[in-house]
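Engineer: Count along the sequence shown from 1, add 26, and you get the number used in the numbering used here. No residue lacks a Cβ here, since even glycine has one placed at the ideal position from N, Cα and C.
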Amino acid sequence: MPIDFTPLRKILKLEQEKGYSNGTVFGGLDKFLAKWAAQSEQYITNPVLLRRFKKLNSLDYSLLDKKQRRKQVENILAFVDDIEQQPIQKSKARPAPAKKAPVRKPKAAAITGDISLDSPITAIKGISSSLAARFGKLDVHTIRDLLYFFPNRHLDYSQLKTVSELTQGNEESIVANVWQVRETRMGARRSTEAIVGDETGNVRVVWFNNPYIVKQLSTNKKIVISGRLGIFKGLPVFESPEWESLEDRELTHTGRLVPVYPLTRGLYQRQVRNIMKGVIDSWSASLGEFLPSGIRQKCKLTGLSQAVSQAHFPDDEESKNKARVRLAFDELFLLQLGVLDRKYSFQQDQSASPLSADAPLLEKWFDSLPFTLTGAQNRVIKDILADIRKTTPMSRLLQGEVGSGKTAVAVTALLAAVASGYQGAFMAPTEILAGQHFASICRLLENAGQAEVKEEYLHSYSGLLPRPITIAMLIGDIKGKKKKELQQRIVDGEVDIIIGTHALIQKDVSFNRLGLVVVDEQHRFGVTQRSALRQKGLSPHVLVMTATPIPRTLALTLYGDLDLSVIDELPPGRQTIKTKWLKPTQRNSGYAFLRKQVAEGRQAFIICPLIEESEAIQARAAIAEFEHLSQQIFPDLKLELLHGRMSSKDKDGVMKSFRQRNCDILVSTPVVEVGIDIPNASVMLIESADRFGLSQLHQFRGRVGRGEEQSYCLLLAEHPSGLARQRLDIIEKTDDGFMLAEEDLKLRGPGEFFGTRQSGVPDLKMARISDIGLLERVRREAIELFEEDPGLKKTGHKPLLKELRRIWKTEGDELS
Numbered sequence: 027m028p029i030d031f032t033p034l035r036k037i038l039k040l041e042q043e044k045g046y047s048n049g050t051v052f053g054g055l056d057k058f059l060a061k062w063a064a065q066s067e068q069y070i071t072n073p074v075l076l077r078r079f080k081k082l083n084s085l086d087y088s089l090l091d092k093k094q095r096r097k098q099v100e101n102i103l104a105f106v107d108d109i110e111q112q113p114i115q116k117s118k119a120r121p122a123p124a125k126k127a128p129v130r131k132p133k134a135a136a137i138t139g140d141i142s143l144d145s146p147i148t149a150i151k152g153i154s155s156s157l158a159a160r161f162g163k164l165d166v167h168t169i170r171d172l173l174y175f176f177p178n179r180h181l182d183y184s185q186l187k188t189v190s191e192l193t194q195g196n197e198e199s200i201v202a203n204v205w206q207v208r209e210t211r212m213g214a215r216r217s218t219e220a221i222v223g224d225e226t227g228n229v230r231v232v233w234f235n236n237p238y239i240v241k242q243l244s245t246n247k248k249i250v251i252s253g254r255l256g257i258f259k260g261l262p263v264f265e266s267p268e269w270e271s272l273e274d275r276e277l278t279h280t281g282r283l284v285p286v287y288p289l290t291r292g293l294y295q296r297q298v299r300n301i302m303k304g305v306i307d308s309w310s311a312s313l314g315e316f317l318p319s320g321i322r323q324k325c326k327l328t329g330l331s332q333a334v335s336q337a338h339f340p341d342d343e344e345s346k347n348k349a350r351v352r353l354a355f356d357e358l359f360l361l362q363l364g365v366l367d368r369k370y371s372f373q374q375d376q377s378a379s380p381l382s383a384d385a386p387l388l389e390k391w392f393d394s395l396p397f398t399l400t401g402a403q404n405r406v407i408k409d410i411l412a413d414i415r416k417t418t419p420m421s422r423l424l425q426g427e428v429g430s431g432k433t434a435v436a437v438t439a440l441l442a443a444v445a446s447g448y449q450g451a452f453m454a455p456t457e458i459l460a461g462q463h464f465a466s467i468c469r470l471l472e473n474a475g476q477a478e479v480k481e482e483y484l485h486s487y488s489g490l491l492p493r494p495i496t497i498a499m500l501i502g503d504i505k506g507k508k509k510k511e512l513q514q515r516i517v518d519g520e521v522d523i524i525i526g527t528h529a530l531i532q533k534d535v536s537f538n539r540l541g542l543v544v545v546d547e548q549h550r551f552g553v554t555q556r557s558a559l560r561q562k563g564l565s566p567h568v569l570v571m572t573a574t575p576i577p578r579t580l581a582l583t584l585y586g587d588l589d590l591s592v593i594d595e596l597p598p599g600r601q602t603i604k605t606k607w608l609k610p611t612q613r614n615s616g617y618a619f620l621r622k623q624v625a626e627g628r629q630a631f632i633i634c635p636l637i638e639e640s641e642a643i644q645a646r647a648a649i650a651e652f653e654h655l656s657q658q659i660f661p662d663l664k665l666e667l668l669h670g671r672m673s674s675k676d677k678d679g680v681m682k683s684f685r686q687r688n689c690d691i692l693v694s695t696p697v698v699e700v701g702i703d704i705p706n707a708s709v710m711l712i713e714s715a716d717r718f719g720l721s722q723l724h725q726f727r728g729r730v731g732r733g734e735e736q737s738y739c740l741l742l743a744e745h746p747s748g749l750a751r752q753r754l755d756i757i758e759k760t761d762d763g764f765m766l767a768e769e770d771l772k773l774r775g776p777g778e779f780f781g782t783r784q785s786g787v788p789d790l791k792m793a794r795i796s797d798i799g800l801l802e803r804v805r806r807e808a809i810e811l812f813e814e815d816p817g818l819k820k821t822g823h824k825p826l827l828k829e830l831r832r833i834w835k836t837e838g839d840e841l842s
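See below:
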């Protein structure tokens, strides 16, 4: 298979024209070269050229000075010229690696000592290929991964007691002599029973379904036992406790803070603990310290190897807490430096086109709106217009509650782009939301002047500018000739504002002069997708928006590359939605309430967490619930079903029917979380509400209350846990989205609240976003260090730069 060098040549030629600024591609040239190298190496069969190839790709372009960069680019182009003259030997070409390579046994060299932290875990004695495959399901593939495979929690078996001090129902630990041990049968199960004791008394121990312990215990053997003490026939008994011989060099499963690890099928706690103890003892000291010593001393942080060791097998609670703080600091510090670098690399050597809207245009636009802008909207618009007038590309995050008026703000910025002779792109995560935005923006522009509907997905509006403004929607549902015609109009510059889904970032979509990108519900898109849309233009300004309330500290941490604006004011008259948590016994009263609302001319949503029923998850499913409700509960009403597996055409048909009041109740999956605007819908009933977080429940609730009538949200939960009951109590009493987000963080943690991996940033294992003090301290230190040495080029910062590259490259991103 021949290698296509055309994209490489284009990029390198452009890099030469830009004076070797490393600003040709977003994220820097290293990222592009690494991707190209990975795709091309397998087809280079000449050993001499292969050596040259590997040498060329061993340099970090971002660390070179201008003279060295020029030499590097020239060398790569010369290499391309040489390799194109070589014949392709297809028979010798190495096949492309499979997407999921099977776990292979380590090479002999690795077993004999050539092992590093990045070696596969099969290099460790006792870990077979099959065992490695089980660890792989937990995203553990290398020795380094094992070191960072932290326990979920620890069992406190550290307080040793005598037999006479034991308390029923508690987790207890004792040191005792084995007086008697035997195999016993309990029904069909073979088990082990022992009598152990100390100078204060004796206690019975039973290991159910485990006869093998008989051979491991002997009379007078001294052991440590840790576990829950129960009562059987009025006498105390340890049931299947952990145990270890006191002769063991160091306790692992008993008599200490004992780690409890996440497991998968085929892995067991005792087995994993034994492996982890050996790995920690042998490898934790190999972890190189990457935090600058000044920061470690100032923040009084434990050393890295010590922190990793104590995070797994802590000496005591204080040591465990110090370890967590150090490792959490590392995660947040690397995260913060990464996002700061992302902003720096984007804005460094990048020049955006200044966009502006004159006062008469803005006055005409604001006067045409069917509402008066709030103070918060005016403040945010002022910030955005100031940003886009600059030649430095804007990177701004706009937060605002459901109904706070983010769309009007975005359209103001888009009009400035169009008035300046540029195009604007508006990307939404779903076709339903893209259609919603297309319809609402068209309605707003229609108020400002005369409308001309050229095609279903192509409208034109006169009145605001001396020429008409053309707006189009590009989604996956548009096929064939229509799609090609629309794409050509966009390329030719005949379309001013393009609204769409991820279809906007596909290869066959090009823009004429893209000056502004707006991304809605931005947490639904990864960094790569946002970057891909940004690269459709020459450094366009970017505005990302979300209705998901993100606490300020969290937003500054996850989105340190973005300036932050918040619309913290709802339009006057926005009603409070009355929320009620219903017990299972109140289900019928909930249905009666829906029927009453429909009888008064209103409509309702019923939300189910699943599309189809699942044996593994006990939750209401939309398809089955739709059939049940249609046939047995509301047979006289008109119900429709909406879920993510439906075609775009079917989804649009259902929403059109609901919007035109041809449907009384819409049964839906969480696809309606954002973007559905039905003013006549006054009540929402959420099934299995305990399965959702507070922020998501708040988003659902925002689908009603959009008209003049009082609206309601009913929450149904069959068997909520204690934690779920807490959440339901909170949302019943609180309608402040930001307060709910803070509570969500406290109750569920950052991983569940906000998928950091989905956002294109490294995963957080030890950090608690709710730890505001640590977050603020980390942010201060990261900003200070970045301002002092933005490229981390100082000798003392090289270990930190190496760790940053490793962490961010793993997540599909790379530093400049």
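(1) Give every residue of the same chain whose Cβ lies closer than 6 Å to the Cβ of arginine 613, excluding the five residues on either side of it in the sequence, and list them in chain order.
(2) Please determine, among Ile504, Pro177, Pro419 and Ser155, the residue with the shortest C-alpha to C-alpha distance to threonine 168.
(3) Consult DSSP for arginine 170 and reduce its assignment to one of helix, strand or coil.
(4) Return the first residue and the last residue of the alpha helix (DSSP H) that tyrosine 617 is part of.
(5) Considering only C-alpha positions, which residue in the set Arg208, Ala630 and Glu547 is nearest to glutamate 735?
(6) Can we say the segment 186-202 touches the segment 309-323, given the rule of at least three CB pairs closer than 8 Å?
(7) For the alpha helix (DSSP H) that contains proline 798, what are its first and last residues?
(8) Looking at the unbroken beta strand (DSSP E) that takes in valine 709, where does it start and where does it end?
(9) Between which two residues does the alpha helix (DSSP H) carrying glutamate 43 extend?
(10) Going by DSSP, what residues sit across from histidine 264 in a beta bridge?
(11) DSSP three-state call for phenylalanine 452: helix, strand or coil?
(12) To which residues does DSSP link arginine 422 through a beta bridge?
(13) Are the CB atoms of serine 737 and isoleucine 603 within a distance shorter than 8 Å?
(14) Taking the alpha-carbon of glutamate 315 as reference, which of Cys689, Leu330, Ser271 and Ile321 has the nearest alpha-carbon?
(15) Which residue from Thr695, Phe660, Thr245 and Glu651 puts its Cα closest to that of methionine 672?
(16) Pull up the distance between the alpha-carbon of leucine 668 and that of glutamate 758, whole angstroms please.
(17) Could you check whether leucine 608 and leucine 742 sit closer than 8 Å to each other, using their CB atoms as the reference points?
(18) Please report the straight-line C-alpha distance between alanine 220 and valine 284, rounded to a whole angstrom.
(19) Taking just the CA atoms, how far does aspartate 503 sit from glycine 461?
(20) Helix, strand or coil for proline 396, going by three-state DSSP, please let me know.
(21) Measuring CA to CA, which of Trp205, Thr418, Trp233 and Val286 is closest to asparagine 246?
(22) In whole angstroms, what separates the C-alpha of leucine 564 from that of glycine 541?
(23) Report the three-state DSSP secondary structure of isoleucine 306 (helix, strand or coil).
(24) Using DSSP with H/G/I as helix, E/B as strand and the rest coil, what is aspartate 342?
(25) Do alanine 349 and proline 340 count as a contact pair if the criterion is CB distance below 8 Å?
(26) For methionine 263, tell me which candidate among Leu272, Ala529 and Arg230 has the shortest Cα-Cα distance.
(27) Looking at the secondary structure, which residues open and close the alpha helix (DSSP H) in which glutamine 323 lies?
(28) Give the secondary structure of methionine 499 by DSSP, where H, G and I count as helix, E and B as strand, and everything else as coil.
(29) With 16 other CB atoms within 10 Å as the buried threshold, where does isoleucine 257 fall?
(30) Beta-carbon within less than 7 Å of proline 123's beta-carbon, same chain only, minus the 5 sequence neighbours each way: which residues are those?
(31) Count Cβ pairs between the segment 585-597 and the segment 356-369 that sit closer than 8 Å; are there 3 or more?
(32) Thinking C-beta only, is aspartate 703 closer than 8 Å to arginine 732?
(33) Spatial neighbours of arginine 296 within its chain, please: C-beta separation below 7 Å, excluding the five flanking residues on both sides.
(34) Which residue from Tyr174, Lys369, Tyr46 and Leu157 puts its Cα closest to that of isoleucine 833?
(35) Name the residue from Gly431, Pro380 and Leu423 whose alpha carbon lies nearest to the alpha carbon of phenylalanine 397.
(36) Quick check: what's the CA-CA separation for isoleucine 798 versus valine 166?
Structural biologist: Taking the definition as stated:
(1) Numbered from 1 along the sequence shown, position 587 holds the residue referred to as residue 613. Within the same chain, arginine 613 has no close Cβ partners at all.
(2) Taking the sequence shown and counting its residues from 1, one reaches residue 168 at position 142. Measuring from the Cα of threonine 168, the nearest candidate turns out to be Ser155.
(3) Within the sequence shown, numbered from 1, the residue matching residue 170 stands at position 144. Reduced to three states, the DSSP call for arginine 170 is helix.
(4) Within the sequence shown, residue 617 is the residue found at index 591, counting from 1. Where tyrosine 617 is concerned, the enclosing alpha helix (DSSP H) stretches over 613-625.
(5) To locate residue 735, count along the sequence shown from 1; it is residue 709. Out of Arg208, Ala630 and Glu547, Ala630 has the C-alpha closest to the C-alpha of glutamate 735.
(6) no
(7) As a working note, residue 798 is residue 772 in the sequence shown. Rather than proline, the amino acid found at residue 798 in this sequence is isoleucine. Isoleucine 798 -> alpha helix (DSSP H) spans 798-814.
(8) Position 683 of the sequence shown, counting from 1, holds the residue named residue 709. Residues 707-712.
(9) If you number the sequence shown from 1, residue 43 lands on position 17. It spans 32-43 - the alpha helix (DSSP H) in which glutamate 43 sits, taken as one unbroken run.
(10) Along the sequence shown, read from residue 1 onward, the residue named residue 264 stands at position 238. According to the sequence shown, residue 264 is phenylalanine rather than histidine. Phenylalanine 264 pairs with Val231 and Leu255.
(11) In the sequence shown, residue 452 corresponds to position 426, counting from 1. The answer is strand: DSSP assigns phenylalanine 452 an E or B state.
(12) Residue mapping note: residue 422 aligns to position 396 of the sequence shown, counting from 1. Answer is Leu569 and Asp589.
(13) Counted from its first residue, the sequence shown places residue 603 at position 577. Counted from its first residue, the sequence shown places residue 737 at position 711. Yes, they are a contact pair.
(14) On the sequence shown, position 289 is the one that residue 315 refers to. Of the listed residues, the one whose Cα sits closest to glutamate 315 is Leu330.
(15) As a first step, residue 672 is located in the sequence shown; it is residue number 646 there, counting from the start. Of the candidates Thr695, Phe660, Thr245 and Glu651, the one whose C-alpha sits nearest the C-alpha of methionine 672 is Thr695.
(16) Working through the sequence shown from its first residue, we reach residue 668 at position 642. Working through the sequence shown from its first residue, we reach residue 758 at position 732. Approximately 26 Å, taken between the alpha carbons.
(17) Residue numbering aside, residue 742 sits at position 716 when the sequence shown is read from its first letter. Residue numbering aside, residue 608 sits at position 582 when the sequence shown is read from its first letter. Yes, the pair counts as a contact, with Cβ atoms nearer than the cut-off.
(18) As a working note, residue 220 is residue 194 in the sequence shown. As a working note, residue 284 is residue 258 in the sequence shown. Spanning the two alpha carbons is a distance of roughly 23 Å.
(19) Taking the first residue of the sequence shown as position 1, residue 461 is located at position 435. Taking the first residue of the sequence shown as position 1, residue 503 is located at position 477. Each residue's Cα considered, the two are about 11 Å apart.
(20) Stepping through the sequence shown from its first residue, residue 396 is reached at position 370. Looking at proline 396 - three-state DSSP - the assignment turns out to be coil, as it is neither helix nor strand.
(21) The count along the sequence shown starts at 1 and reaches residue 246 at position 220. Of the listed residues, the one whose Cα sits closest to asparagine 246 is Trp205.
(22) Here residue 564 refers to the residue found at position 538 of the sequence shown. Here residue 541 refers to the residue found at position 515 of the sequence shown. Answer to the nearest angstrom: the Cα atoms are 8 Å apart.
(23) Taking the sequence shown and counting its residues from 1, the one referred to as residue 306 is at position 280. DSSP places isoleucine 306 in helix when its eight states are reduced to three.
(24) Against the sequence shown, residue 342 aligns to sequence position 316. Three-state DSSP puts aspartate 342 in coil, outside helix and strand.
(25) Position 314 of the sequence shown holds residue 340. Position 323 of the sequence shown holds residue 349. Yes, the pair counts as a contact, with Cβ atoms nearer than the cut-off.
(26) Numbered from its first residue, the sequence shown carries residue 263 at position 237. At residue 263 the sequence reads valine, which differs from the methionine that was named. With distances taken between Cα atoms, valine 263 lies closest to Arg230.
(27) Along the sequence shown, one-based indexing puts residue 323 at 297. Per DSSP, glutamine 323 belongs to the alpha helix (DSSP H) from 319-324.
(28) To locate residue 499, count along the sequence shown from 1; it is residue 473. Three-state DSSP puts methionine 499 in a strand.
(29) Taking the sequence shown and counting its residues from 1, the one referred to as residue 257 is at position 231. Exposed, since its Cβ has fewer than 16 Cβ neighbours within 10 Å.
(30) In the sequence shown, the residue the question calls residue 123 occupies position 97. At proline 123, the pLDDT of 35 sits below 50, so the modelled position is not reliable; the number obtained from the coordinates is stated separately. For proline 123, where only same-chain residues beyond five positions count, there are no Cβ hits under 7 Å.
(31) yes
(32) The residue given as residue 732 occupies position 706 in the sequence shown. The residue given as residue 703 occupies position 677 in the sequence shown. It is a contact, given that the beta carbons lie within the stated cut-off.
(33) On the sequence shown, position 270 is the one that residue 296 refers to. Cβ within range, chain order: His279.
(34) Residue 833 sits at position 807 when you count from the first residue of the sequence shown. Nearest of Tyr174, Lys369, Tyr46 and Leu157 to isoleucine 833, Cα basis: Tyr174.
(35) Numbered from 1 along the sequence shown, position 371 holds the residue referred to as residue 397. It is Gly431.
(36) Within the sequence shown, numbered from 1, the residue matching residue 798 stands at position 772. Within the sequence shown, numbered from 1, the residue matching residue 166 stands at position 140. Approximately 30 Å, taken between the alpha carbons.
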